[in-house]
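Peer 1: Got a structure here, written out as structure tokens. Questions coming.
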Amino acid sequence: MTGLADPTVAILLTGMLVGVSASLLGSFLVLRGNSMLADAISHSILFGIALAWLLTGQTSGPVQIAGAALSGVLAVYLIETLTRTRRLRDDAAIGLVFPALFSAGVILINVFARDVHLDEHTVLLGEIGFVWLDTVTLGGIEVPRAMLAMAVMLVLDAAFVLAFYKALKLATFDPDLARALGLAPGLIFYVHLSLLSGTAVAAFDAVGVVLFITFVVVPPATAYLLTRRLSSMIVLAMILAAASAPLGYAVAFWLDVSIGGAMALATGPFLLLAYGWRRWRAWQQARAAGGLQSPSASA
Amino acid sequence: MDHELGQPHEPDLALHVEDLTVSYGDRPALWDIDLNIPPGVLAGVIGPNGAGKSTLLKAILGLVPLSAGHVRLFGHTYAEQRRRVGYVPQRSSVDWDFPTTAVDVVTMGLYGRMGWFRWPGRRERDRALRALEEVGMDALADRQISELSGGQQQRVFIARALVQQPDLLLLDEPMAGVDATTERSIIDILGRLRREGRTIIVVHHDLQTVQRYFDWLIFLNVRVIAAGPIDSVYTARNLRRTYGGQVALLDEGRQRNGGPEDAGPAG
Amino acid sequence: MPGLLADYTLQNVMLGAALIGVISGVLGAFAVLRRQSLLGDALAHAALPGVCIGFMMAGAREMGSIMGGALFTGVAAALLMVALTRNTRLKMDAALAAMLSLGFALGVVLLTWIQRRGGASQAGLDSFLFGQAAATTRADLYPMMILAGIALLGVALLWKPLKLMTFDPDFAAVTGLPVQWLERLLTAMIALAVVTGLQMVGVVLMTAMIIAPGAAARQWCGSLLGMVVLSAVLGALAGVGGGLVSALAPGLSTGPVVVLLATLIALLSLLLAPRRGLIPAWWRRRHRRSHTSTDRILQTLYELAREHGDWRYRVEQGAVDAYHGMITEPQLSTLADRGLVVPAQHMPDEGRHWQLTETGVAHAAEYAQRRRRRFGNGA
């Protein structure tokens, strides 16, 4: 076995693709203060994945991905609707909607899909170790299906961010001004979250729905602590996410543990290092200020 | 129908608001507002908390849905006049930890006219730098915005509106939480803009300075209590009616008992 | 049915589920009111590595040490979250999501580490993901009872300060309450509730058990005591119902069934609760509409025309709606049928307007006079 279908290559590339596309979209989510929507979306798509599987007998493929992604968008819509009734705060609305959709998905799988490869543990944790088994032939080259799906989603995500960079940035920083200038922040928001849902669906094969959140939130949060420009924050987040994949793979190989889990966990040390660096800088500044201040007093 | 779309309506006024009602839920936030502001004035909007001052600006900018009425800027709708209007929202409305620099924030003011897909280049940066110079912030252009003081952040916001070269400028509490020096320099900038013939509408909270700062005044408390040149409307009676107790939306024949009327703060 | 209820396993399941419902209902009420609903989510996911650590330390599936481990990592994640938000510019939502996902990732890594070393059995540790009620033994119940007892006792002892802190944290701080310590205690107690439920509901869905009963009770009750009690009752209801269903249909994981039941209760409360419910609110609006007489609507038009000094003044319907806080279309149509008003248009970007006819003006003036005579001319 050679090329893209080689197990190591397939696992590493797929993991990196998941990390890069998740943190690209996640940067805007973290900056908007909506990180928990990643949690809501990635749990809720289980309902769509289960439905798409019931209807078509497949979990991968463009129609399935788009269809399953709709349930992520549905979750966002339901959360907004519940919040609009002004009977619930948005945090409670999030916490009410996604467990319900996730539960509905688990029960669908429990009842209808007991003995197939779609079981709730796979959906939760992913099976990145096996992505190289399921391949399609593309122009004579054997390509793992999950990798192909992730690559397509990355291209779509990147095209969206590059084309609408200004509008995304302003909609994130100051939605009122974006609307006043005619830049339709509401529409941008929904397209952004639809792409995030689609990316989550494409990624579930590899890392599962819960570990996907790690790549959406942790590398952007780390980069946020280290950079002063939006563009450098996004690039750094993507680099950190891409670096986590081989790092995690090495750890998983060495300790014989879940590859997806180790890749997600590998984003953690970067966050801790960034946090430590920030604290050290704050302490240094406090000392330079000449006071007897402790670091916590100045941070 | 009296007017066709696209046909100017009251083109001689910088701002023409007629029968405007905005409601949040069951209660009107603004009720039956009529307002005419000629070009070239520096107008203050004053009123107690919850009077709808910010809502008025947002209604003018089409940021909140109108229950009734219409707004015209120099005779046209806001959508037709987007480029002639600058907006300075409350400083607390955005997250100042956002990873960006002062000059970048100012460039955002140009995003509207650059269209969807063009990226800002040297020309945009130069214009943004000039706007920062106007507010005395050019030395801090490449500072990250979280490292700026409150007053400096406010000046960046004003530069972001100035870079649009607006004919009508709307500011929401620009003096809130800024130091005395910044307040003076902001009012200098606004005065200069007015002398250039631009129209400025400022939501303001400090009654002490109203007379010194503005030449036109709008007393707002859900309704327009009074509006006009400051010499003719700045009276103890109007202050009392604006700040003292509730305002009846309509006199429906059944009059309220007069509430305890606080003595309005003397100007 | 009696035979079924006497079933030993089922007794355990129902007892445990009721316990979880009560404890998460009580603490969830505070979490919902304090806008910390998602804290439970982060704590539950971050408890997974603790489950594994507890298992490794005890060397067996021993509930006491598993719960101890879960509590430890849950609280550690909460402390890290506080450190991240207090010392950096990271916001709470990002800190929550980061700790939730990293905690879960660590849990997954440890879980596979245990499984692949085949520690005695796979230990059924992955049942902690979605919960498995049927596996609950009487011995499992004791640590659950102890944890729930500690948390309930804590709430009872700290009732007054917790209440004050929930409704007005600033004031609580001013009166000298150690608000920071109380917050940490409350977080620890929420972690206790989460850990209690891990065995039956699982880490992924425990968040719903914290939020749904509290959100449901909030719709029915105005007082904190009433809300906490009702939240506990509703939580127990969802727990017992879900436990029963999943015990009787062995293919179903317990967690999802309990969560769907709890969500159903919350949705019904949102719709039906007498004061805050959406349907009663809609009904009241409708009722008010049918009792707001056409005369009053006509009066509004009349007063507006008078204020604008123009009897032919056209009033936009949205203004009448906003004034009365309802849709006034039916009344206006009735008025139009009686020839008192006519529809009109004004500006192209505005909605429908209405204009008084001459008869309408006369009718309204007469009505106004009648009212004035009846109520006197005011002060």
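Protein chains in written order, with my numbering: chain A, 3 to 301; chain B, 408 to 674; chain C, 3 to 381. Note that beta-carbon positions come from the ideal geometry of N, C-alpha and C, so glycine has one too. No experiment lies behind these values; they were computed from the predicted model shown.
(1) Listed from N- to C-terminal order along the chain, which residues in the region 62-96 of chain C have their beta-carbon within a distance smaller than 7 Å of any beta-carbon of chain A?
(2) For the ligand GTP, is there any heavy atom lying closer than 7 Å to the beta carbon of F100 (chain A)?
(3) Which whole-angstrom value is the C-beta distance of L150 (chain A) and V133 (chain A), which I expect to be below 8 Å?
(4) Name, please, each residue of chain B whose Cβ falls closer than 9 Å to the Cβ of T327 (chain C).
(5) What are the uninterrupted segments assigned as beta strand (DSSP E) that are 3 or more residues long and contained completely in the region 273-324 of chain C, given in chain order?
(6) Taking the alpha carbon of I143 (chain A) as the point to measure from, which residue in A:G59, A:D41, A:A12 and A:A54 has its own alpha carbon closest?
(7) Any beta carbon from chain B within less than 8 Å of G320 (chain C)'s own beta carbon?
(8) Using only alpha-carbon positions, find the residue among C:I329, C:G133, C:W313 and C:G66 that is nearest to A141 (chain C).
(9) Using the rule of at least 16 other Cβ atoms within 10 Å of the residue's Cβ for burial, across every protein chain shown, is S105 (chain A) buried or exposed?
(10) Let me know if H289 (chain C) comes out buried or exposed under the rule of 16 or more other beta-carbons within 10 Å of its beta-carbon.
(11) Mind pulling the chain C residues with CB within less than 7 Å of Y277 (chain A)?
(12) For the alpha helix (DSSP H) that contains W134 (chain A), what are its first and last residues?
(13) Would a C-beta distance cut-off of 8 Å place A436 (chain B) and V629 (chain B) closer than the cut-off?
(14) Since A79 (chain C) contacts G105 (chain C) with CB under 8 Å, what's their CB separation in whole angstroms?
(15) On the criterion of 16 or more Cβ atoms from any shown chain inside 10 Å, does Y304 (chain C) qualify as buried, or is it exposed?
(16) Using a Cβ cut-off of 7 Å, which residues of the region 213-238 of chain A contact any Cβ in chain B, in chain order?
(17) Buried or exposed: N664 (chain B), going by 16 or more other Cβ atoms within 10 Å of its Cβ?
(18) Identify whether W356 (chain C) lies in helix, strand or coil by the three-state DSSP scheme.
(19) Do you know offhand how far N89 (chain C)'s Cα is from T216 (chain A)'s?
(20) Taking only beta-carbon positions, decide if L306 (chain C) is within less than 8 Å of chain B.
(21) Roughly how many angstroms separate the alpha carbons of D351 (chain C) and A486 (chain B), rounded to a whole number?
(22) Report the three-state DSSP secondary structure of A122 (chain C) (helix, strand or coil).
(23) Taking C-beta to C-beta, are V203 (chain A) and F162 (chain A) nearer than 8 Å?
(24) Compile a chain-ordered list of the residues in the region 185-211 of chain A whose CB is closer than 8 Å to at least one CB of chain B.
(25) Indicate whether M202 (chain C) and T139 (chain C) have their beta-carbon atoms separated by less than 8 Å.
(26) In terms of alpha-carbon separation, which member of C:L232, C:M229, C:V157 and C:V260 lies closest to A242 (chain C)?
(27) Which class does Q559 (chain B) belong to by DSSP, given the choice of helix, strand or coil?
(28) As a quick exercise: from A:A244, A:D176 and A:S260, pick the residue whose alpha carbon is nearest that of R498 (chain B).
(29) Should R181 (chain A) be flagged as near chain B, meaning a C-beta pair shorter than 8 Å?
(30) From V609 (chain B) to L578 (chain B), what does the alpha carbon distance come to, in whole angstroms?
(31) Work out the CA separation of M211 (chain C) and G50 (chain A) for me, nearest whole Å.
(32) Skipping 5 residues on each side, what residues in its chain have a beta carbon closer than 6 Å to that of A587 (chain B)?
(33) The alpha helix (DSSP H) spanning D511 (chain B) covers which residue range?
(34) For L677 (chain B) and chain A, any beta-carbon pair shorter than 8 Å?
(35) Quick one: which chain C residues come within Cβ less than 7 Å of H477 (chain B)?
(36) With a 10 Å radius around its C-beta and 16 neighbouring C-beta atoms as the bar for buried, classify D258 (chain A) as buried or exposed.
Peer 2: Let me spell this out:
(1) L86, N89, T90, L92, K93, D95 and A96
(2) For the ligand GTP, the structure offers nothing, since it holds no ligand at all.
(3) As a first step, residue 150 (chain A) is located in the first sequence; it is residue number 148 there, counting from the start. As a first step, residue 133 (chain A) is located in the first sequence; it is residue number 131 there, counting from the start. Not confirmed; about 10 Å, so no contact.
(4) Mapped onto the third sequence, residue 327 (chain C) falls at position 325. The question names Thr, but residue 327 (chain C) is Gly in the sequence shown. Under the 9 Å cutoff, chain B gives S430, G432, D433, R434 and P435.
(5) 316-318
(6) For the purposes of this step, residue 143 (chain A) is taken as the residue at position 141 of the first sequence. Of the listed residues, the one whose Cα sits closest to I143 (chain A) is A:A12.
(7) Numbered from its first residue, the third sequence carries residue 320 (chain C) at position 318. Taking Cβ atoms only, chain B reaches closer than 8 Å to G320 (chain C), which makes this a yes.
(8) As a working mapping, residue 141 (chain C) is identified with position 139 in the third sequence. With distances taken between Cα atoms, A141 (chain C) lies closest to C:G66.
(9) Counting from one through the first sequence, the residue named residue 105 (chain A) turns up at place 103. If you draw a 10 Å sphere on the C-beta of S105 (chain A), you find 16 or more other C-beta atoms in it, and that means buried.
(10) What you label residue 289 (chain C) is simply residue 287 of the third sequence in a count that begins at 1. Exposed, by the Cβ-count rule.
(11) One-based indexing of the first sequence puts residue 277 (chain A) at position 275. Listed along the chain, the chain C residues whose CB falls inside 7 Å of the CB of Y277 (chain A) are L86 and T90.
(12) Residue 134 (chain A) sits at position 132 when you count from the first residue of the first sequence. Element bounds for W134 (chain A): n/a, residue is neither H nor E.
(13) Sequence index remark: in the second sequence, residue 436 (chain B) carries index 29 (1-based). Sequence index remark: in the second sequence, residue 629 (chain B) carries index 222 (1-based). Contact flag set, yes.
(14) Counting from one through the third sequence, the residue named residue 79 (chain C) turns up at place 77. Counting from one through the third sequence, the residue named residue 105 (chain C) turns up at place 103. Between G105 (chain C) and A79 (chain C) the Cβ distance is about 5 Å, and since that is below 8 Å, they are a contact.
(15) The residue labelled residue 304 (chain C) in the question sits at position 302 within the third sequence. By the 10 Å Cβ count, Y304 (chain C) comes out buried.
(16) Y226, T229, R230, R231, L232 and M235
(17) Here residue 664 (chain B) refers to the residue found at position 257 when the second sequence is read from its first residue. Any reading at N664 (chain B) must be qualified, since the residue scores a pLDDT of 32, below 50, and its modelled position is unreliable; the value itself is stated next. N664 (chain B) should be labelled exposed.
(18) By 1-based counting over the third sequence, the position of residue 356 (chain C) is 354. In this structure, W356 (chain C) counts as strand in the three-state DSSP scheme.
(19) Taking the first residue of the third sequence as 1, we reach residue 89 (chain C) at position 87. Taking the first residue of the first sequence as 1, we reach residue 216 (chain A) at position 214. Cα to Cα, N89 (chain C) sits roughly 21 Å from T216 (chain A).
(20) Your numbering for residue 306 (chain C) matches position 304 in the third sequence. It does: the Cβ of L306 (chain C) has a partner Cβ on chain B nearer than 8 Å.
(21) One-based indexing of the third sequence puts residue 351 (chain C) at position 349. One-based indexing of the second sequence puts residue 486 (chain B) at position 79. Looking at the two C-alpha atoms, the distance is approximately 11 Å.
(22) In the third sequence, the residue the question calls residue 122 (chain C) occupies position 120. Only weak support is given to the placement of A122 (chain C): the predicted model assigns it a pLDDT of 42, under 50, and the question is left unresolved by the model.
(23) Counted from its first residue, the first sequence places residue 203 (chain A) at position 201. Counted from its first residue, the first sequence places residue 162 (chain A) at position 160. Not in contact: V203 (chain A) and F162 (chain A) (Cβ atoms no closer than 8 Å).
(24) L185
(25) The sequence position of residue 202 (chain C) within the third sequence is 200, counting from 1. The sequence position of residue 139 (chain C) within the third sequence is 137, counting from 1. No. Outside cutoff.
(26) As a first step, residue 242 (chain C) must be located in the third sequence, where it is residue number 240. The sequence given here has Val at residue 242 (chain C), not Ala. Ranking C:L232, C:M229, C:V157 and C:V260 by Cα distance to V242 (chain C) puts C:V260 first.
(27) Taking the second sequence and counting its residues from 1, one reaches residue 559 (chain B) at position 152. Of the three classes helix, strand and coil, the one that applies to Q559 (chain B) here is helix, per DSSP.
(28) Here residue 498 (chain B) refers to the residue found at position 91 when the second sequence is read from its first residue. It is A:D176 whose Cα lies nearest to the Cα of R498 (chain B).
(29) As a working mapping, residue 181 (chain A) is identified with position 179 in the first sequence. Interface residue, yes.
(30) Numbered from its first residue, the second sequence carries residue 609 (chain B) at position 202. Numbered from its first residue, the second sequence carries residue 578 (chain B) at position 171. Those two C-alpha atoms are separated by around 5 Å.
(31) Here residue 50 (chain A) refers to the residue found at position 48 of the first sequence. Here residue 211 (chain C) refers to the residue found at position 209 of the third sequence. Approximately 23 Å, taken between the alpha carbons.
(32) Taking the first residue of the second sequence as position 1, residue 587 (chain B) is located at position 180. Excluding residues within five positions, none has a Cβ falling inside 6 Å.
(33) If you number the second sequence from 1, residue 511 (chain B) lands on position 104. Unbroken alpha helix (DSSP H) run through D511 (chain B): A509 to M515.
(34) No statement about residue 677 (chain B) is possible, as the shown extent of chain B runs from 408 to 674 and does not include it.
(35) Residue 477 (chain B) sits at position 70 when you count from the first residue of the second sequence. Close to H477 (chain B), with beta-carbon spacing below 7 Å, are these residues of chain C in chain order: M349, D351 and E352.
(36) Numbered from 1 along the first sequence, position 256 holds the residue referred to as residue 258 (chain A). D258 (chain A) should be labelled exposed.
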